[in-house]
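This report refers to the structure that appears directly beneath it.
There are 2 protein chains.
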Amino acid sequence: VFTQEEVTSHRSLEDGVWVTYRGGVYDITEFVAVHPGGDKILLAAGGALEPFWSLYAVHNQEHVLEILSEYKVGELSAEDLKKQRSVQTADPYSSDPVRHPGLRVNSLKPFNAEPPSEILSDSYITPSAIFFKRNHLPVPRVDPGSYRLQVEGLPGGALALTLEDLKTKFPKHTVTATLQCAGNRRSEMNEVKQVKGLNWGIAAISNATWGGAKLRDVLLAAGYRPEAVSEDGDVLLAYEMNGEDLPADHGYPLRVVVPGTVGARNVKWVGRITVSAEESGSHWQQNDYKGFSPGTDWDTVDYKSAPAIQELPVQSAITSPADGAAVEGSSQEVTVRGYAWSGGGREVVRVDVSLDGGKTWQVARLEGGQDQAPPPPGRAWAWKLWELQAPLPPGAQELEIVCKAVDSSYNVQPDSVLPIWNLRGVLSNAWHRVRVKVR
Amino acid sequence: VFTQEEVTSHRSLEDGVWVTYRGGVYDITEFVAVHPGGDKILLAAGGALEPFWSLYAVHNQEHVLEILSEYKVGELSAEDLKKQRSVQTADPYSSDPVRHPGLRVNSLKPFNAEPPSEILSDSYITPSAIFFKRNHLPVPRVDPGSYRLQVEGLPGGALALTLEDLKTKFPKHTVTATLQCAGNRRSEMNEVKQVKGLNWGIAAISNATWGGAKLRDVLLAAGYRPEAVSEDGDVLLAYEMNGEDLPADHGYPLRVVVPGTVGARNVKWVGRITVSAEESGSHWQQNDYKGFSPGTDWDTVDYKSAPAIQELPVQSAITSPADGAAVEGSSQEVTVRGYAWSGGGREVVRVDVSLDGGKTWQVARLEGGQDQAPPPPGRAWAWKLWELQAPLPPGAQELEIVCKAVDSSYNVQPDSVLPIWNLRGVLSNAWHRVRVKVR
Numbered sequence: 001v002f003t004q005e006e007v008t009s010h011r012s013l014e015d016g017v018w019v020t021y022r023g024g025v026y027d028i029t030e031f032v033a034v035h036p037g038g039d040k041i042l043l044a045a046g047g048a049l050e051p052f053w054s055l056y057a058v059h060n061q062e063h064v065l066e067i068l069s070e071y072k073v074g075e076l077s078a079e080d081l082k083k084q085r086s087v088q089t090a091d092p093y094s095s096d097p098v099r100h101p102g103l104r105v106n107s108l109k110p111f112n113a114e115p116p117s118e119i120l121s122d123s124y125i126t127p128s129a130i131f132f133k134r135n136h137l138p139v140p141r142v143d144p145g146s147y148r149l150q151v152e153g154l155p156g157g158a159l160a161l162t163l164e165d166l167k168t169k170f171p172k173h174t175v176t177a178t179l180q181c182a183g184n185r186r187s188e189m190n191e192v193k194q195v196k197g198l199n200w201g202i203a204a205i206s207n208a209t210w211g212g213a214k215l216r217d218v219l220l221a222a223g224y225r226p227e228a229v230s231e232d233g234d235v236l237l238a239y240e241m242n243g244e245d246l247p248a249d250h251g252y253p254l255r256v257v258v259p260g261t262v263g264a265r266n267v268k269w270v271g272r273i274t275v276s277a278e279e280s281g282s283h284w285q286q287n288d289y290k291g292f293s294p295g296t297d298w299d300t301v302d303y304k305s306a307p308a309i310q311e312l313p314v315q316s317a318i319t320s321p322a323d324g325a326a327v328e329g330s331s332q333e334v335t336v337r338g339y340a341w342s343g344g345g346r347e348v349v350r351v352d353v354s355l356d357g358g359k360t361w362q363v364a365r366l367e368g369g370q371d372q373a374p375p376p377p378g379r380a381w382a383w384k385l386w387e388l389q390a391p392l393p394p395g396a397q398e399l400e401i402v403c404k405a406v407d408s409s410y411n412v413q414p415d416s417v418l419p420i421w422n423l424r425g426v427l428s429n430a431w432h433r434v435r436v437k438v439r
Numbered sequence: 001v002f003t004q005e006e007v008t009s010h011r012s013l014e015d016g017v018w019v020t021y022r023g024g025v026y027d028i029t030e031f032v033a034v035h036p037g038g039d040k041i042l043l044a045a046g047g048a049l050e051p052f053w054s055l056y057a058v059h060n061q062e063h064v065l066e067i068l069s070e071y072k073v074g075e076l077s078a079e080d081l082k083k084q085r086s087v088q089t090a091d092p093y094s095s096d097p098v099r100h101p102g103l104r105v106n107s108l109k110p111f112n113a114e115p116p117s118e119i120l121s122d123s124y125i126t127p128s129a130i131f132f133k134r135n136h137l138p139v140p141r142v143d144p145g146s147y148r149l150q151v152e153g154l155p156g157g158a159l160a161l162t163l164e165d166l167k168t169k170f171p172k173h174t175v176t177a178t179l180q181c182a183g184n185r186r187s188e189m190n191e192v193k194q195v196k197g198l199n200w201g202i203a204a205i206s207n208a209t210w211g212g213a214k215l216r217d218v219l220l221a222a223g224y225r226p227e228a229v230s231e232d233g234d235v236l237l238a239y240e241m242n243g244e245d246l247p248a249d250h251g252y253p254l255r256v257v258v259p260g261t262v263g264a265r266n267v268k269w270v271g272r273i274t275v276s277a278e279e280s281g282s283h284w285q286q287n288d289y290k291g292f293s294p295g296t297d298w299d300t301v302d303y304k305s306a307p308a309i310q311e312l313p314v315q316s317a318i319t320s321p322a323d324g325a326a327v328e329g330s331s332q333e334v335t336v337r338g339y340a341w342s343g344g345g346r347e348v349v350r351v352d353v354s355l356d357g358g359k360t361w362q363v364a365r366l367e368g369g370q371d372q373a374p375p376p377p378g379r380a381w382a383w384k385l386w387e388l389q390a391p392l393p394p395g396a397q398e399l400e401i402v403c404k405a406v407d408s409s410y411n412v413q414p415d416s417v418l419p420i421w422n423l424r425g426v427l428s429n430a431w432h433r434v435r436v437k438v439r
């Protein structure tokens, strides 16, 4: 039995790092070096884990408790435990915005949710309320008046820009760009072998029109020469989504939109931009969001051996009919709809659809969005919706509908999931399959 | 029976287009509009087809004779036929260069050949003599002294540059770039269903160091502003290959090297460059080198519906052991080697190798070329060679070795050939498979 005072005296690697959890005392000194979240863990040293685990809800998993139990050294004194419990921990998620009840929730705290896939392709522009939500933490509430964007690593020294500066000193540009989570369609990887991460369906992807200042314009104003800053990427410091202020869930007051890259690089609530010749050393750049061979497991993974996911590969999925649905045999025709997108500004040029599990293929009609001018070469940032109306195969009682897309570099989707399976469950882009009954 | 004079009087669409072939007379007026080679066919109007078919050897196919036979209107008079035959037709291929006897020849006239695949990966830089050869016609013999490169569509009017101008007025740049024929690995498509085109194995791909003037430098000298002409593409007007004058088979005196694009865009013996906002209307850009759905056949193909192949998708193949070879069981180990490459400057970041037909995978060691600096992001133009040394599975009598590559956009190769099959047999990049016996 230890007193709180004894626990509190262990707050560094030199003195040892002790924490408490539900009345247990744990010496986690040796664990600090292997903590996936890095030395942030030291913030909890000498005290209770509960407030931090409430904030970083990723810890609420059985295997985390198993790891912790290995480090148990004793119990906290009953008196100190009682004191600890009397401190009411406020729920850090209590100020999260209200969300649409139609969303399919993958985790509540932090909030991660996708739209119902059947309605995803009903609108070329995804309404902000149903645009997929991806959060690692509570949604920050940022005061727009005191907000400053710090820009560092500039020829003329650092810049601090107010929201007003961004809105008035630079022309507003709009870009229609699709964002996709690296973990979109992870559930299909989970079906073949368990991976780590949220169990996304096919709808961790959405399309919006973003408005804001060009990062290029800000860098030019900061002293960069025009030749040094390519405009091809269409990178935005976005303060608008679909014509309105950015919603809190999508980064209010400011997010970066880096068209053609994985959602993770489209940082929300951005506070600081550092121009650097070095790749960011952050956890999300170095130790996560990387792809590995299906033969790589948690014992052999070497994060340094793979590049960070930036551009995503070609993707498509069937949004309608839903898997397990029934289609009317009497109509003698089936309508198949979905989305298709590719990273790096590569345009989707064809979607093949099969009604027989991939034996024969028909070409779907692509829809690039009404009123959308054709994108310049290499700058096709938005998805295409697609549709195929095809006769029902005579006598068919069941259809196995499959889709696969081709982009302007003639990249194609892989046939099957297992050979692209990876321990993080990212980059899931095998042919999408649904089975439907003919009624 | 017609006289030569009567045939010769039919030399236009108005008067009808007549030709002779082996003593037959043919009225091909209606065929002119659908001739795959365009109105070049009118050059033969009023005369014999033989000299042209000797030049354009693609006509030496049974189905071409079948098409011709439909247009027969009579016979040439015996006397005129005798005269015609007395005209000796010189072989237009007689001045083609001497080639290395080790090449695997796909067609002699025009000359198309690939290196033996087993030696392809023995050298990071492919020696020019065994670099794959791809010709549509006899090899032009260009006099370097009178050679002029015409550059048109320029702000300051047309330019005519001598070879000396290109070598002395612009700095020489070198780029190591892999070229791949769109039809590489076409033979694997032929195995599942017949396609049109040369039956390439896995070696219609090679890697060389090209030296020449940057197209960008030429365009800047012609009055373009630096912002208008990106340097990211590293496009060369190359007069050197592997440190020597370009060989005749590879475009002497000048070829364009457009790194990251399909071989067809790396035009040899280039005579004229036109800067234009419009896509080239040429046969090779509009009516060939395009990808289609496996469901598209020659009755339904609409060339306008697909974009021209520019950047190629990710590719890899096993060069050793060869398909059907035997490996020594006593060594208890197998060494698998091959190449991997992707278009658009995307770097190959991983090659997975399977010894069991794709059920389990191991990661190969990549070799980027000795003395090669790492390429800048998005400008990885050269292939990687790779090698895996792996224990032989205990008791294995046969191995089905498979490889697949991943590029920096995390594009992957498709699992199988049939779903990417297309009537032209291009873009064949499914997992490569070889079967070997364990001895």
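Line by line, the protein sequences are chains A and B.
Residues 1 to 439 in full-length UniProt numbering are what the first sequence spells out, letter by letter.
Residues 1 to 439 in full-length UniProt numbering are what the second sequence spells out, letter by letter.
Positions of the beta carbon are idealized from the N, C-alpha and C atoms, including for glycine.
In this text, all values refer to a predicted model and were calculated from it rather than measured experimentally.
Own chain residues within Cβ distance below 8 Å of residue i, not counting five before or after
{"i": "R272 of chain B", "result": "L149, Q150, V151, E152"}
{"i": "P294 of chain A", "result": "L418, P419, I420, W421, N422"}
{"i": "N287 of chain A", "result": "P36, Y303"}
{"i": "V327 of chain B", "result": "P321, V334, L392, L399, V436, K437, V438, R439"}
{"i": "Y71 of chain A", "result": "Y26, D27, I28, E30, F31"}
Assigned exposure category for residue i - 16 Cβ within 10 Å defines buried
{"i": "Q310 of chain B", "result": "buried"}
{"i": "S206 of chain B", "result": "buried"}
{"i": "N60 of chain B", "result": "exposed"}
{"i": "V105 of chain A", "result": "exposed"}
{"i": "Y303 of chain B", "result": "exposed"}
{"i": "A213 of chain A", "result": "buried"}
{"i": "A48 of chain A", "result": "buried"}
Residues near residue i by beta carbon distance below 7 Å, same chain, minus five either side
{"i": "L423 of chain B", "result": "V195, K196, F292, T296, D297, W298, V301"}
{"i": "M189 of chain A", "result": "V195, V417, W421, G425, S428"}
{"i": "G183 of chain B", "result": "G197, L198, W200, A204, G425, V426"}
{"i": "Q389 of chain A", "result": "E333, T335"}
{"i": "D165 of chain A", "result": "none"}
Under 8 Å from the C-beta of residue i: neighbouring residues of chain A
{"i": "A306 of chain B", "result": "V349, R350"}
{"i": "D415 of chain B", "result": "P414, D415, S416, P419"}
{"i": "E227 of chain B", "result": "P226, E227"}
Proximal chain A residues relative to residue i, where beta-carbon distance stays under 9 Å
{"i": "I401 of chain B", "result": "The premise fails here: I401 of chain B is roughly 14 Å from chain A at the closest Cβ pair, so nothing lies under 9 Å."}
{"i": "L312 of chain B", "result": "S409, Y410"}
Chain B residues whose Cβ lies nearer than 7 Å to that of residue i
{"i": "I309 of chain A", "result": "Y410"}
{"i": "T360 of chain A", "result": "G295"}
Proximal residues to residue i (C-beta, below 6 Å), its chain only, five neighbours per side dropped
{"i": "Q4 of chain A", "result": "D80"}
{"i": "K404 of chain B", "result": "D352, Q413, W431"}
{"i": "F52 of chain B", "result": "A44"}
{"i": "R365 of chain B", "result": "E387"}
{"i": "residue 446 of chain B", "result": "Lying outside 1 to 439, the shown extent of chain B, residue 446 of chain B is not represented and no answer is given."}
{"i": "V73 of chain B", "result": "V25, D27"}
Within chain B, partners of residue i - CB distance below 8 Å
{"i": "K404 of chain A", "result": "P419"}
{"i": "G425 of chain A", "result": "Here the premise fails: no neighbours, minimum Cβ distance about 13 Å."}
Interface partners of residue i on chain A, CB under 7 Å
{"i": "G344 of chain B", "result": "S409"}
Chain B contact residues for residue i, given Cβ-Cβ distances below 9 Å
{"i": "G263 of chain A", "result": "Under the 9 Å cutoff, chain B gives no residues; its nearest Cβ is about 14 Å from G263 of chain A."}
{"i": "V363 of chain A", "result": "F292, S293, G295, T296, S305"}
What are the start and end residues of each continuous beta strand (DSSP E) run of 3 or more residues lying completely inside the region 228-274 of chain B, in chain order?
236-241, 255-257, 272-274
Let me know the beta strand (DSSP E) ranges lying completely inside the region 151-228 of chain B, each 3 residues or longer, listed in chain order.
Counting whole runs of 3 or more residues, the region 151-228 of chain B contains the beta strand (DSSP E) stretches 159-161, 173-180, 205-214.
For the region 353-428 of chain A, list the beta strand (DSSP E) runs that are entirely contained and at least 3 residues long, ordered along the chain.
365-367, 384-391, 398-407
Would you call the region 244-253 of chain A in contact with the region 217-225 of chain A, where contact means no fewer than 3 C-beta pairs closer than 8 Å?
no
At a cut of 8 Å, does the region 341-352 of chain A reach the region 90-109 of chain A through at least three beta carbon pairs?
With a cut-off of 8 Å, the region 90-109 of chain A and the region 341-352 of chain A do not count as touching, because too few Cβ pairs lie within range.
Three CB pairs or more closer than 8 Å across the region 132-141 of chain A and the region 110-123 of chain A:
yes
Output the residue ranges of the beta strand (DSSP E) runs that lie fully inside the region 82-134 of chain A and measure 3 residues or longer, sorted by chain position.
104-107, 112-114
As an exercise, report each continuous beta strand (DSSP E) stretch of at least 3 residues that is fully enclosed by the region 290-324 of chain B, in chain order.
Within the region 290-324 of chain B, the complete beta strand (DSSP E) runs of at least 3 residues fall at 315-320.
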